[in-house]
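First residue of the sequence shown: 0, per numbering that gives the first Met the number 0; consecutive thereafter.
Down below is the structure, laid out as structure tokens.
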Amino acid sequence: MMHSKFPALSTTFWPIYPSNTLVVTGTIAACVCYIGVFGGMRENRCMLISFFILLFILMLVELAMACVFLVYSRKVDTYMENDLKQSLEIYRLSSEEDNRNLKDQLDAVQNLFRCCGVHGVEDWKNNTPLSCCVEDPCNSVHSKNWQEGCFGKLKNWFASNFQSTGAGVVTLFIIQFICMCINIPLFCYMGRRGLGYQ
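Shown next as structure tokens:
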């Protein structure tokens, strides 16, 4: 969810972020499950075998994506730091009206996480935005800024959410596996019944 709020800040591998992948996978899984439910209600063996094959393919894709995330999880810190530095530089060097979307999103990150800059307030080089201020008005003589950098705060936020996302993916995988296991006897039962067996 976090990435969906601040897309302009991240330019590295944006299509394969966990939030994007989970939404797409969930949508596809819902469509595939509809085929399975409809096939079971109609007692249609063709739909049940289609459900089984599509669910198996979906599980293979999920497994491949999990491997990709595990491989890139070690590099996420580097990508995030580089993206934040690049965004801060664009913000700092832009005029008041240029790159409004990026500026709004970086301000939102700084307000939400109560941080300033990438590694600290000194990243702004004496051109600190209002979103770094602890109190209003920011431009007063004794204004205070958030001292901690956003990189550390975001890194901690992602680390705390990594386990819950992983647990959700494992749970989804187990449910899909159970659905496949239920589908096999149902398919066989319909086949036997079609041949006159009970």
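By construction, the Cβ of each residue, glycine as well, lies at the ideal position given by its N, Cα and C atoms.
Quick caveat, the model's predicted, so the values are computed rather than measured.
Is it right to say residue i is buried, meaning 16 or more other beta carbons lie within 10 angstroms of its own, or is it exposed?
i           : result
residue 197 : Note on residue 197: pLDDT 46, under 50, position unreliable in the model; the coordinate value appears next. It is exposed - the Cβ of residue 197 has fewer than 16 other Cβ atoms within 10 Å.
residue 71  : exposed
residue 188 : exposed
residue 143 : exposed
residue 105 : buried
residue 61  : buried
residue 103 : exposed
residue 169 : exposed
residue 28  : buried
Taking residue i and residue j to be in contact with their CB atoms under 8 Å, please state how far apart those CB atoms are, rounded to whole angstroms.
i           : j           : result
residue 145 : residue 133 : 6 Å
residue 186 : residue 41  : So it is not a contact: roughly 13 Å between Cβ atoms.
Are the Cβ atoms of residue i and residue j separated by less than 8 Å?
i           : j           : result
residue 119 : residue 148 : yes
residue 47  : residue 182 : yes
residue 74  : residue 114 : no
residue 110 : residue 130 : yes
residue 64  : residue 26  : no
residue 84  : residue 117 : yes
residue 172 : residue 58  : yes
residue 91  : residue 126 : yes
Quick one: give me the first and last residue of the alpha helix (DSSP H) that residue i is part of.
i           : result
residue 66  : 44-71
residue 88  : 75-92
residue 108 : 99-112
* Asked: Per the contact definition of three or more C-beta pairs closer than 8 Å, is the stretch 29-37 in contact with the stretch 47-66?
  -> Yes, the stretch 47-66 is in contact with the stretch 29-37.
* To do: Check whether the stretch 95-112 touches the stretch 73-81, taking contact to mean three or more Cβ pairs, one atom from each stretch, closer than 8 Å.
  => The stretch 95-112 vs the stretch 73-81: no contact.
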